[in-house]
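Colleague: Residue numbers (the UniProt record's numbering), protein chains in the order written: chain A, 1 to 187; chain B, 1 to 187.
Protein chains: 2
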Amino acid sequence: MKRKKKERQEQLVKLIEDTPFITDEDLATKFGVSIQTIRLDRLERSIPELRERIKDVAQKQWDETVKALPLEEVIGEVINLELDHSAISILDISEEHVFSRNQIARGHHLFAQANSLAVAVIDDELALTANSEIRFTRPVKLHERVIAKAYVKGVDDKERTIVEVSSYVGNELVFFGRFHMFRSTDE
Amino acid sequence: MKRKKKERQEQLVKLIEDTPFITDEDLATKFGVSIQTIRLDRLERSIPELRERIKDVAQKQWDETVKALPLEEVIGEVINLELDHSAISILDISEEHVFSRNQIARGHHLFAQANSLAVAVIDDELALTANSEIRFTRPVKLHERVIAKAYVKGVDDKERTIVEVSSYVGNELVFFGRFHMFRSTDE
DNA sequence: ATTACTATTAGGACCTAGTCATAAAACGGA
DNA sequence: TCCGTTTTATGACTAGGTCCTAATAGTAAT
């Protein structure tokens, strides 16, 4: 008996975790026990009732959509911006940025941070990346903080603005990119 | 009177749209009418009750988290993959990929498609981008379909695997990238 | 076998945030 | 004043619970 209860409760916790939209009644029939047992189980494991669970999931969704919009313009947080001269942004590497297998940040996130900063630093209606050379000098791990510094370096032979972005973790260079930017005044 | 009702209902629709976590009671006090009036309003505008609204939001969140995980590994949809040889993926450019100002896709999304495809084509535990040269040959617009083709081109002088990715819209080249990939067998 | 204890089940009162139906009251315009 | 719309009130009922009390089942030790 001691085992049965513990086992059931452990299964219950997992089941509710990945199927939160389930009533006590359904759980009761699924485990072949009474509703009251399920409710005791939830009480002991302090699992909130269905409606609260649904609300929690919805709340999370809401928070995300609210903050997702402003965040998209520039990847990372801009902490300094001098138009047509330089800019700095910070990106904290979290679970969503890394390969689950080895906790190393996917390259395209570092690229995105640098490239969007290069776009932002240009004081023009339209700024598009024409081409770029980039180097990933060392892997970036989960929870590291990447500081990207962009400098406008002048124009190339095709009249494109050159922006160089160096990204650091501490004082180690992790990424370098030279972006040749097309801008609307080029036409 | 005719105006009052219509006005209230229009405000109600908007209010619930961006504040779905609100009870009829709160709405009633907010509009200075009785709960029954609010309920009639919801009935006429066929707005579901609070609990249903919460459930809808939660359901959306759930659908997204479920599909977000597998989708994140490779940006775009892989339609062909021969390990250590070649791969093809498709990315349909939607609102979330473009600058709202000019409907042109942000460069980092094209980079992400290409780079993650370059990672995927390598038949190894660990594959990281060491450096790359890339060109954006023409802007990609909203609703265009980008087809990325990756080919493994051999190894460079530092024993890094070279993957070239060409991305097309129709038969126009829109992006080219040469990725030098570090892989675990390199150690 | 009896006792002790845990685990399970049952029941009833109460809660929130509603639905649905019916009826009464208030208001505005001709 | 009467008509039609709008608003409010009331009551019965619902889902999916909480909280509390009490009875029953199952197991282990004395």
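Virtual Cβ for every residue (Gly too), placed ideally from N, Cα, C. Since this is a predicted model, take the numbers as computed values, not measurements.
For PRO139(B), count neighbouring Cβ atoms within 10 angstroms of its own Cβ and tell me buried if that reaches 16, exposed if not.
Modeller: Numbered from 1 along the second sequence, position 139 holds the residue referred to as residue 139(B). PRO139(B) should be labelled buried.
Colleague: Going by alpha carbons, who is nearest to ASN131(A) out of ILE122(A), HIS108(A) and ARG160(A)?
Modeller: Locating residue 131(A) in the first sequence gives position 131, counting from the first residue. Among ILE122(A), HIS108(A) and ARG160(A), the Cα nearest to that of ASN131(A) belongs to ARG160(A).
Colleague: Consult DSSP for GLY76(A) and reduce its assignment to one of helix, strand or coil.
Modeller: In the first sequence, residue 76(A) corresponds to position 76, counting from 1. Note: GLY76(A) maps to coil in three-state DSSP.
Colleague: Would the beta-carbon of SER184(B) fall within 7 Å of that of LEU117(B)?
Modeller: Sequence index remark: in the second sequence, residue 184(B) carries index 184 (1-based). Sequence index remark: in the second sequence, residue 117(B) carries index 117 (1-based). No, the pair does not count as a contact, with Cβ atoms beyond the cut-off.
Colleague: If you scan the segment 157-181 of chain B from start to end, which runs of the beta strand (DSSP E) of 3 or more residues do you find wholly inside it?
Modeller: Within the segment 157-181 of chain B, the complete beta strand (DSSP E) runs of at least 3 residues are 161-169.
Colleague: Using a beta-carbon distance below 7 Å, is VAL140(A) in contact with chain B?
Modeller: Locating residue 140(A) in the first sequence gives position 140, counting from the first residue. Taking Cβ atoms only, chain B never reaches closer than 7 Å to VAL140(A), which makes this a no.
Colleague: Take every Cβ of the segment 45-56 of chain B, pair it with every Cβ of the segment 6-18 of chain B, and state whether three or more of those distances are shorter than 8 Å.
Modeller: With a cut-off of 8 Å, the segment 6-18 of chain B and the segment 45-56 of chain B count as touching, because enough Cβ pairs lie within range.
Colleague: Per DSSP, which one or two residues make a beta bridge with GLY154(B)?
Modeller: If you number the second sequence from 1, residue 154(B) lands on position 154. According to DSSP, which records beta bridges pairwise, GLY154(B) is partnered with ILE162(B).
Colleague: Assuming ILE122(B) and MET181(B) are in contact, meaning their beta carbons sit under 8 Å apart, how far apart are those beta carbons, in whole angstroms?
Modeller: Here residue 122(B) corresponds to residue number 122 of the second sequence, with the count starting at 1. Here residue 181(B) corresponds to residue number 181 of the second sequence, with the count starting at 1. With a Cβ gap of about 6 Å, ILE122(B) and MET181(B) count as contacting.
Colleague: Apply the 10 Å Cβ neighbour rule to ILE38(A) and answer buried if 16 or more other Cβ atoms are within range, or exposed otherwise.
Modeller: Walking along the first sequence from the start, residue 38(A) turns up at place 38. Looking at its Cβ environment, which holds 16 or more other Cβ atoms inside 10 Å, ILE38(A) is buried.
Colleague: Below 8 Å on C-beta distance, what does ALA130(A) contact in chain B?
Modeller: Taking the first residue of the first sequence as 1, we reach residue 130(A) at position 130. By Cβ distance, chain B contributes ARG135 and PHE136.
Colleague: Can you tell me which of ARG106(B), ILE104(B) and ALA112(B) puts its alpha carbon nearest to the alpha carbon of ARG106(A)?
Modeller: Position 106 of the first sequence holds residue 106(A). When each option's Cα is compared against that of ARG106(A), the closest is ALA112(B).
Colleague: Tell me which residue opens and which closes the beta strand (DSSP E) that SER89(B) is part of.
Modeller: Reading the second sequence from its first residue, position 89 is the one you call residue 89(B). First-last of the beta strand (DSSP E) with SER89(B): 86-92.
Colleague: Kindly list the residues whose CB is nearer than 7 Å to the CB of THR137(B), restricted to its own chain and excluding five residues on each side of it in sequence; keep chain order.
Modeller: Here the question's residue 137(B) lines up with position 137 in the second sequence. Once the five neighbours on either side are set aside, the close Cβ partners of THR137(B) are LEU173, VAL174, PHE175 and PHE176.
Colleague: Which same chain residues end up closer than 8 Å to LEU83(A) when comparing Cβ atoms and leaving out the 5 residues on each side of it in sequence?
Modeller: Start at 1 with the first residue of the first sequence, and residue 83(A) comes out as number 83. These residues qualify, in order along the chain: VAL121, ILE122 and ASP123.
Colleague: Can you list the residues of chain B that HIS108(A) reaches, using a CB-CB cut of under 8 Å?
Modeller: Taking the first residue of the first sequence as position 1, residue 108(A) is located at position 108. Within chain B, the residues near HIS108(A) are ILE75, HIS108, PHE111, ALA112, ASN115 and SER116.
Colleague: Name the residue from ILE22(B), PHE31(B) and ILE90(B) whose alpha carbon lies nearest to the alpha carbon of LYS6(B).
Modeller: As a first step, residue 6(B) is located in the second sequence; it is residue number 6 there, counting from the start. Of the candidates ILE22(B), PHE31(B) and ILE90(B), the one whose C-alpha sits nearest the C-alpha of LYS6(B) is PHE31(B).
Colleague: Whose Cβ in chain A lies nearer than 7 Å to the Cβ of residue 272(B)?
Modeller: Residue 272(B) falls outside the range modelled here, since chain B spans only 1 to 187, and no answer is possible.
Colleague: Could you give the C-beta distance for ALA87(B) and ALA150(B), rounded to a whole number, given that I count them as a contact under 8 Å?
Modeller: In the second sequence, counting from the first residue as 1, residue 87(B) sits at position 87. In the second sequence, counting from the first residue as 1, residue 150(B) sits at position 150. Right, their Cβ atoms sit about 5 Å apart.
Colleague: Quick check: the Cα distance between PRO20(A) and LEU50(A), rounded to an integer number of angstroms?
Modeller: Within the first sequence, the letter at position 20 stands for residue 20(A). Within the first sequence, the letter at position 50 stands for residue 50(A). When rounded, the distance between both Cα atoms is 7 Å.
Colleague: Give the single residue among SER89(B), ARG178(B) and ILE90(B) whose Cα lies nearest to the Cα of GLY154(B).
Modeller: Residue mapping note: residue 154(B) aligns to position 154 of the second sequence, counting from 1. Closest option to GLY154(B), Cα to Cα, is ARG178(B).
Colleague: Within this structure, are the beta carbons of ASN115(A) and HIS109(B) separated by less than 7 Å?
Modeller: What you label residue 115(A) is simply residue 115 of the first sequence in a count that begins at 1. What you label residue 109(B) is simply residue 109 of the second sequence in a count that begins at 1. It is not a contact, given that the beta carbons lie outside the stated cut-off.
Colleague: Any beta-carbon of chain B closer than 7 Å to the one on GLN61(A)?
Modeller: Reading the first sequence from its first residue, position 61 is the one you call residue 61(A). Closer than 7 Å: yes.
Colleague: On the criterion of 16 or more Cβ atoms from any shown chain inside 10 Å, does ASP63(A) qualify as buried, or is it exposed?
Modeller: In the first sequence, counting from the first residue as 1, residue 63(A) sits at position 63. ASP63(A) comes out exposed.
Colleague: Just the chain B side, please: which residues come within less than 7 Å of LEU173(A) by C-beta, in chain order?
Modeller: On the first sequence, position 173 is the one that residue 173(A) refers to. Correct list: empty, because the minimum Cβ distance to chain B is about 12 Å.
Colleague: Look at the alpha carbon of LYS4(B) and the alpha carbon of GLU17(B), and state the distance between them as a whole number of angstroms.
Modeller: Residue mapping note: residue 4(B) aligns to position 4 of the second sequence, counting from 1. Residue mapping note: residue 17(B) aligns to position 17 of the second sequence, counting from 1. Going by the C-alpha atoms only, they are around 20 Å apart.
Colleague: Could you check what DSSP says for ILE38(A) in three-state terms: helix, strand or coil?
Modeller: In the first sequence, counting from the first residue as 1, residue 38(A) sits at position 38. DSSP places ILE38(A) in helix when its eight states are reduced to three.
Colleague: Candidates LYS60(B), VAL98(B), SER89(B) and ASN171(B): which alpha carbon is nearest ALA148(B)'s?
Modeller: As a working mapping, residue 148(B) is identified with position 148 in the second sequence. Cα-wise, what sits closest to ALA148(B) is SER89(B).
Colleague: Take the Cβ of SER100(A) as the centre, count every other Cβ of all protein chains shown within 10 Å, and call the residue buried at 16 or more, exposed below.
Modeller: Taking the first sequence and counting its residues from 1, the one referred to as residue 100(A) is at position 100. It counts as exposed.
Colleague: Can you tell which of ASP41(B), ILE54(B) and GLN9(B) has its C-alpha closest to the C-alpha of ILE22(B)?
Modeller: As a position in the second sequence, residue 22(B) is number 22, starting the count at 1. It is ILE54(B) whose Cα lies nearest to the Cα of ILE22(B).
Colleague: What in chain B is Cβ-close to ARG51(A), meaning under 7 Å?
Modeller: As a first step, residue 51(A) is located in the first sequence; it is residue number 51 there, counting from the start. Within 7 Å Cβ-Cβ: ARG51.
Colleague: By the 10 Å Cβ neighbour count, where 16 or more other Cβ atoms means buried, how is HIS143(B) classified, buried or exposed?
Modeller: As a first step, residue 143(B) is located in the second sequence; it is residue number 143 there, counting from the start. Exposed.
Colleague: Look at the alpha carbon of ILE79(A) and the alpha carbon of LEU91(A), and state the distance between them as a whole number of angstroms.
Modeller: Here the question's residue 79(A) lines up with position 79 in the first sequence. Here the question's residue 91(A) lines up with position 91 in the first sequence. About 11 Å.
Colleague: Take THR129(B) and list the residues in its own chain whose beta-carbon comes closer than 8 Å to its own, dropping the five residues that flank it on each side.
Modeller: Within the second sequence, the letter at position 129 stands for residue 129(B). Excluding residues within five positions, the ones whose Cβ falls inside 8 Å are ASN115, ALA118, VAL119, PHE179, HIS180, MET181 and PHE182.
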